[in-house]
Structure formats: structure tokens, C-alpha cells
Amino acid sequence: MFDDFNLIQNLINALQWGSFYALIALGYTMVYGVLVLINFAHGDVFMVGAYIAFFVASFVLSVLGLPGWAAFIITIPATMILTSMVGVSLERIAYRPLRRKGAHRLYVVITALMCGLILEHANLAIFGASRKAFPPLIEEHVYHLGGVTFTNLKIIVICAAIMSFLTLQWIVTKTKVGMAMRAISYDKFAVPLMGIPIDQIIVTTFILGSGFAGLAGVLFAMSYPILEPYMGALIGWKAFIAAVVGGIGDIRGAFLGGFLLGAVEILVVAFFPSSYRDLIAFSVLLVILSLKPTGLFGIAKTTKI
Amino acid sequence: MLRKYSVQLILIALGGIITYIAYQELVSLYILTVLMFMGVNIILSSSLNLVNGYMGEFSCGHAGFMCVGAYVSSVLGVLLFTKDKIFGAPLLNPDLAVYLFPVIIIIGGIAAALFGLLVALPSYKTRGDYLAIITLAANYIIISLIQNMDIIGGSRGFMGMKKVISNMEDVVYLPWMVIWVFVFTVGSIWILRRYVSSVFGKGVSAICQDEVAAEIMSVNTNKIKTITFMLSSGLAGIAGGLFAYIVGYVNPGSFNILKSTEALVMVYLGGMASLSGSVLSAILFTILLELLRPLQIIKWVVIPLILIVLMQFRPEGIMGNRELSDIFPKLKRFYRFK
Amino acid sequence: MTQQFGGLTAVSDFNVRLKNNRIAGLIGPNGAGKTTVFNLVSGFYQPTRGTISVCGKPTAGLKPHKVTALGVARTFQNIRLWNQMSVLDNIKVAQHGWLDYGFFQSVMRTRAYRDCEERIDREAKDLLEIFELENYANDYPTNLPYGLQRKLEIVRALSEKPKLLLLDEPAAGLNSKDMRELIRLVRWINETYDLCIWIIDHHMDVMMELCSEIKVIDFGQTIAEGTPDEVRNDPAVITAYLGDDNI
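Protein chains in written order, with my numbering: chain A, 41 to 345; chain B, 413 to 750; chain C, 1008 to 1254.
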């Protein structure tokens, strides 16, 4: 088992696998940072993203008859836009009315859980339990480099994750909207008094978060071209855990947490039977959280007396 | 005098009636099973309410503890009282099952309470969403631990509990499951009610409302947290044990996040920090689940939809932080439940 | 009773010895470290260096609730009552350190449990009566006027049977009538109970009237100590509060 262990190969696999977690965790963390809401529907938004990608890609390929690369170019932005619309409608229909009423935070969390269930099972009811095979969009090239194999798809996934992170980091730290987001997370009562349209900022947050979940959906569907309604649940929960381990509310944390979780899972599979993956991955996370209770980048809230 | 014992009398009468109905087979087995699930759900929701409502934490892995209880009491029961392919001949006289059944269920509860430490210990240092994630991780860890234990069936599941029940019925023919579910349900509510109404247990609410003040005002917060988490998960374990014997079959998949979500829904539907709310919502929720069964998959679209709509109109749940006696103060004249 | 506070680094080399049945004061500009001193004494922080002892017993390494049981009770700068609990329950829950029963007895409702609950209930009601709060016993603290909330917090701290009562800005936010009431209350507590009171406050008139000795700190350093009159005229104190003349 140890003989064929190749560090770089595993590292690439871990980066690719972690990219999905990172992309989804970004959405969790952004919504949390602004609303202090665990958007439990986010994993299912990712699943919806993958399905949207499926329909868009099939439409472009068979109805419009365009070649794969064109479909790829069209599918990515189309999916991101459509998925962010799903995210925004969740916010508008389910979360905002509750927030307006000043309901307890946890009731909003429960509503989010319910929204996730609806997305999952509505999908199941409409499209049935049969799995959908995602059409190949770009030709997969396999490269060998000194005993390390990787595909162009893997490179695309990793690059997309890194670029998304850089974009988001730029938006949050440099733009006006991003500054407003950070302001809300500091003090949501003072922000409207400063003339910042709070709802607009929240909608922007959902657009960004869900958009990147959509991107993750496309890339996931391309890498593992089998879609089923429950695919978002487990991966979503795990991405959430990744976000918390990174320090929820912090974009760097979500990114790092995602890759960390990816690396742990890939390493576990390299050394143990794959059924131990969840057990060990979660135990490692539990240990990290016990040692550093607010996550890697989280700032401990000091209780002031 | 009557006031003092009215609740006890009503409960004894209710238990008697249910047992009689079950004994005479006046209703179908299906309705009995639903009634028993109601009991299990009452235990689940009220025990989760202790942590999520009274203590103000957000535990979303309650099904994990249920899983521990279910497996420990199932395996113990099958090991001790039945002839099994894996475990071989029964270790004890199968007739003893009739006496030792509650002990087995309680041992399952104790095992679950020990797993509750998995959450209780980190709770000394963390609160809120970070603790929520620890409970979630605990749920996953417990499930995958069992999935990897091939001796008890791994992810295929574990069965044989029906034989234990039939052993019990061979000795004395009574609807044992109905009786024990009823006893444990009433017992759980009774323990919870007494705990949260004592000055000692009110420390739980003090932690919820202001932990710093609680610690400074001589409340041993760590001790209270440990007891509360262990009590909550222990009762979940008891619910799990009963669930396993009702169904006669357990597999790790039935204790996943969906089950935890169900428990959460019942707590928030009933209202946080309201035991009567939890009982009421558990009953309603069980009925709702059964009524919507013909819808099959769409059931899980309709139920969340109902809940979302409900939350828009009544965001604090059915009872919302109050008990039955707060809404109908006149009830206090008739009963004293302590 | 003697209490010794050794050198502390969080608040630099802070030394104080509080005498029984006296009211001591601690003043200083904002951010001087006054509340930190209280947090150290009540066990909420552990001193990096130095020792704190209550009646000769060191409090090092003790959790706050243990320190409270040793005889240190306090109030908070921002009122920290349990707002979803009745006034009576606020007092009763504060008796946690003096419960003679545990979880199992609370479930079994044993004799010890009943006796203990009865005693606590009686004591709490008596205490509310002494402080004329008995009419509010079943109200929630949030429904009380602000002055009474402050008072209730002091009563709750007093219910811990402290030997040292720490009052963190008890006069903050009170109007002049409530403030006179507070002065009367603190005096009365000082005369009636066998304890030592230590007050932080920014209202100089309150401090001058109540305290027999005052310590002034700034940036964690002790800059003056003595009787109110001595402190009032100390040049270092005037500089700390009003700034340097030479700017």
C-alpha cells in the first residue's frame, strides 16, 4: 500500500477534490458572514446547479448542435446565473420574511434545512430516482509527468477554484459591496443607519455564494458525470464542516478548510479502506475544532464583562 | 388530593386503555405501530428540546445518539436472549428477556449518554455554530463507526430483535412493546420535567440566557452542561432502543441527518423550551407523516413546505417558550405535574 | 478578614488589602483596567503573575463559581440578569453553590431535595422582602425599572453570602434620585452585613461619599491611593483625568 503512494499524485487529487469543497464552502461562509445564518440549503443549491448544467449542456449540444467547447463556454456562465437565481429566490421567499419578523435565528436555520429537503425531493419527484449521465463537454486529455498522471479537467477544476477565491477575496476586500458585507458582519444595526441598502447587499451575497455553488456543480458534473438528487446533501454538509474548520465567516478559512478536508479524505483513502473515509475525516475535524474551537481563521469572540 | 394525583391517574388510565386495546387487538397493528412511533418521537423531541430549547445550543446530530442506543440494546438483546447466526446460542435463559428488557433499553441509553460526552466535552470551550458542527460530526462519526463494524452487520443493518419480543410474549402474553414504549415515554417526560423545574436544572436556562453571569453566580456551568448533554443523548439512546425493537431491524442509514432533522423540526415546531410543545408537536408530526405517506416522495416536499409556511405565520412554534399551563392557567387547578 | 492581591501583570503590580466592613473604591479613566481587576478577583481571568486570596485562601486555578463559593460576589457593568426568568428565580438559581442535592436527587425528589428547595425558596423570598422587591417576585427583570434592575443585581450578588462584594459601576445610567437611593442601599448593606464592599464608578460624588479609601489606576498602574480627600487633590490623579497642563 505504501509502495505506490505518490505524494504529488495524491496532492493533485486532493487539490481537485478539495476544490469542490472550497467552492461550496465559500457560499456557506459568505452567507454566514453577512447574516449569521447557516444556509443548510446550500448543498442542495449545488446539486441544483449540477442539474441546471446538465440541462443547459444537453440543450446546447443537442438542440443547438454546437460543439463541446462552445457548450462548455456557454454552460458555465448560464449555470452560474441560473443557480444564483435559485439562491436569491430562496432568500426572497423563505429567509427574508422571517428575518423581517425578527424570528429567532435558529428558526431561519430550520427553514433553510426545509428548503434543502424541498429542493432534493422535488428534484426526485420530477426527474425520478434514475441517475443522469452528464454529457462530456471537453475532450479529456491525460498527461503523464514522471509517474504523475493528471487530466486537463483536473487542472481546470483547480484553476477555477483558485480564481474564484481570488475574485471573491478581491470583491470582499476591495469593492464597495464587499466592504458593506464586512460592515454588516460587524454590526448589522449600524449599517442601515449609514445609508447602506442592507437587503441589496444580502442579495448580492446570495448571488455570489450560489453562483459559485453553480460553478462547483458544473465542474463536479464534468468530473464525475453521474447526477442524482442526493449528491448535494453529503457534500454540502461536508463543505459546511470545512467552512467551520476554516473559521466560518472568513473566505480564506473556507478555501483552506475545503482543501484541508479534500486532502484528509484523499489521504485516508490512500492508506485505509475507503469506507473509513468519513469516519477518519470527521474525527480529524473534531480534533481540530477541539484544539482550535473557532476554526483556523476564526477570531475568538471575547466575552466582555 | 385529586389535584395532586390527577396526572398520575390519567396516565395510568391512558396506559391501561392502550394496553387493553393492544391486548384485545381492537385496532390494527399499523395503528399500534404509529402510536409507538409517537412515543419514540416524543422522547426524541423532548430530549432534544433540553439542549436546543432550554440550553440554547444547536445540536443537529441527535439521531447519532439514537443510533448508539438502538445498536447497543439490539445487540445486547440478541446476544443474550436469542440464538443467532453470528453470536451463537443465547447467553442467558431466553425467558429472562421479559424481566431484563427494560434493563437492556436503559443500558442502551447509558451507552448513548457516554457518547454524549463527545459533544459535552467540547462544549466547555465552544458554543453556538461551532458546537453545532461538532454535533453534526458526532452524528457522522457514530454512523460510519457502525458501518465499519462488520460483526453487527455494517451498513447492511442488524436484525433479530423480533425474536426477543416473541420470547417475552411466550412467557406472558402481553403487548410488551406497547407497554414499555408507554412507560419509557412517560418516564422521560417525567425526568425532564423534574430536572428543568428544579433550581438545579434551572441552571440550564441560566446558561442559555447568560453563561458568564451563570458561572459568576456560582453555577458550575461545565457540570450542568455535561449532565444536560448526557441526559439528552441518553434519552435519545432510549428512544433509539425502543425504535429498534418496534421495527425489528436497524441499519445505520436510518439514523442519518434526515432523522436528526426530523427531531429538530419537532422541537422547533413545538416551540423552544416548552416540554408540552415538544410532546404536542411530536404527536402532530407523527400523524402528519403517516397521513402523507400515500404521497410517497412528494411527502418530503409537502412536509417542509407546510413547515415553512407555518414558520412564516408562527415563527415561535406552536407553544413558543410556554407550557400548556401558561396558556390555560385554569388547567393548574386540575393537575400538578412534578 | 484580609485579602491579599499580589503583583499582577495584566494590571501592572496591583496591590491591595481590603479590610472588613469598609467600603473601598477603585477609580480611573476609561480603559484603565478597573474591570480587569474585578475580573481577576472574581476568577474570570487567571492572573499571569501574582496571587489573590480571599480570607487567606488562595484563588489561583479556581473556576469562577468556586471563587464565588469562597465569598466573592459581583455585579456587572452592563446588567447581566437572566431576563427570561422571574426575579425570584434569578435569586434562586444564584444559590447553585449551596445546593445539597444533585441531578439524581432532583429527579427522585428526595427529602434532601425538598428541604433544600424549601430553604432556598424561603431565603430568596426573605431577601426580596428585605430589599422591598417582593412585589416584583414573579415579574421578568426586563419589566423592572432600570434602577430596580441595578438593585436586583446587587441583591442577587448579596444572595451569594459574599465576604467581598464587587460593584462594577453600580451608578451607571441612574438618575440622581436613584443614585441617592443607591448610596443609601450600599451604606445599609455595609452596616448590616459583615462584608467588605469594593466599588468601581465614574461618579465622583458617589465615590467620595461612600468610600473610606480610594485607589486610582491608569493604564494598569496604580497612580494614587488614600482617603477621598487625599485622592481628590493628588496631582497625578488630576493629570490622568484632565490631561497634562503642559500640552
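Note that CB positions come from ideal geometry on N, CA and C, so glycine has one too.
Which residue wins for smallest C-alpha separation from residue i, given the options the options?
i         : options                                       : result
Ile121/A  : Phe112/A, Ala261/A and Ile247/A               : Ile247/A
Ile517/B  : Met684/B, Phe655/B and Leu722/B               : Phe655/B
Leu153/A  : Gly732/B, Ile577/B and Ile669/B               : Ile669/B
Phe493/B  : Leu504/B, Val484/B and Val487/B               : Leu504/B
Ala93/A   : Pro137/A, Thr207/A, Ser315/A and Gly251/A     : Gly251/A
Glu1136/C : Glu1125/C, Val1162/C and Ala1178/C            : Val1162/C
Leu101/A  : Pro175/A, Gly73/A, Val284/A and Phe260/A      : Pro175/A
Val531/B  : Thr640/B, Thr445/B and Val510/B               : Thr640/B
Ser645/B  : Ile519/B, Val515/B and Val446/B               : Ile519/B
Ser610/B  : Glu1125/C, Ile1245/C, Thr1042/C and Gly1068/C : Glu1125/C
Gln621/B  : Ile1086/C, Arg1118/C and Met1115/C            : Ile1086/C
Leu488/B  : Met571/B, Val452/B and Asn453/B               : Met571/B
Gly729/B  : Phe449/B, Asp582/B, Glu702/B and Leu687/B     : Leu687/B
Gln420/B  : Ser486/B, Val598/B and Leu526/B               : Val598/B
For a test of the three-state rule: what should DSSP assign to residue i, helix, strand or coil?
i         : result
Trp1089/C : coil
Met684/B  : coil
Asp496/B  : strand
Ser644/B  : helix
Gly1032/C : strand
Met1214/C : helix
Cys1257/C : Missing from the structure shown is residue 1257/C; chain C here goes from 1008 to 1254 and no further.
Leu504/B  : coil
Lys537/B  : coil
Tyr72/A   : helix
Val103/A  : helix
Gly335/A  : coil
Met125/A  : helix
Val1018/C : coil
Val584/B  : coil
By the criterion of Cβ-Cβ separation under 7 Å, what are the contact partners of residue i in chain C?
i        : result
Val531/B : By Cβ distance, chain C contributes nothing, its closest Cβ being about 17 Å from Val531/B, past 7 Å.
Met723/B : Correct list: empty, because the minimum Cβ distance to chain C is about 21 Å.
What residues from chain A crowd round residue i, counting only those whose CB sits closer than 7 Å?
i        : result
Val713/B : Ile158, His161, Ala162 and Ala165
Ile546/B : Leu326 and Leu329
Is it the case that the Cβ atoms of residue i and residue j are separated by a distance below 8 Å?
i         : j         : result
Pro1071/C : Ser1049/C : yes
Asn1027/C : Cys1203/C : yes
Ala651/B  : Leu456/B  : yes
Gly957/C  : Val1018/C : One cannot answer for residue 957/C here, as it falls past the ends of chain C, which runs 1008 to 1254.
Val231/A  : Arg222/A  : no
Ile275/A  : Phe86/A   : yes
Phe499/B  : Leu512/B  : no
Thr69/A   : Ala310/A  : no
Mind pulling the chain B residues with CB within less than 7 Å of residue i?
i        : result
Phe322/A : Ala549, Tyr552 and Ile553
Met154/A : Pro716, Leu719 and Ile720
Starting from residue i and walking both ways along the beta strand (DSSP E), at which residues does that stretch end?
i         : result
Thr597/B  : It is not in any beta strand (DSSP E) - Thr597/B instead sits in the alpha helix (DSSP H) that spans Trp588 to Ser609.
Gln1228/C : Gln1228 to Gly1233
Ser1060/C : Ile1059 to Val1061
Leu1174/C : Leu1171 to Asp1175
Arg1081/C : Val1079 to Arg1081
Cys1203/C : Cys1203 to Ile1207
Ile1221/C : Glu1220 to Asp1225
Kindly indicate the opening and closing residues of the alpha helix (DSSP H) around residue i.
i         : result
Glu1198/C : Ser1183 to Thr1199
Arg1163/C : Tyr1153 to Leu1165
Thr207/A  : Asn192 to Lys214
Leu719/B  : Lys711 to Phe725
Val1023/C : Here Val1023/C belongs to no alpha helix (DSSP H); instead the beta strand (DSSP E) covers Val1023 to Lys1026.
His184/A  : Taken as a continuous stretch (DSSP letters only), His184/A belongs to no alpha helix (DSSP H), being part of the beta strand (DSSP E) at Val182 to Leu185.
Could you list which residues in chain A have their beta carbon closer than 9 Å to that of residue i, in chain order?
i        : result
Ser471/B : The contacting residues do not exist; Ser471/B stays about 11 Å from chain A at best.
Val677/B : Ile150, Leu153 and Met154
What residues of chain C sit near residue i, judged by a beta carbon separation below 9 Å?
i        : result
Val624/B : Phe1051, Pro1071, Phe1083 and Arg1087
Taking only heavy atoms of the ligand SAM into account, decide whether any of them is closer than 7 Å to the Cβ of residue i.
i        : result
Glu728/B : Only the bare structure without any ligand can be found here, which leaves the ligand SAM out of the picture.
Could you tell me which chain B residues have their CB closer than 9 Å to the CB of residue i, listed as they occur along the chain?
i        : result
Tyr316/A : Ser556 and Asn560
Thr334/A : Thr538 and Tyr542
Along chain A, in chain order, which residues have C-beta atoms closer than 8 Å to that of residue i?
i        : result
Tyr483/B : Correct list: empty, because the minimum Cβ distance to chain A is about 15 Å.
Pro534/B : Leu326, Leu329, Ser330 and Pro333
Tyr680/B : Leu146, Tyr147 and Ile150
Which of the residues in the segment 228–260 of chain A, read from start to end, lie with their CB under 8 Å from any CB of chain D? As a matter of chain content, chain D is missing from the structure shown, whose protein chains are A, B and C.
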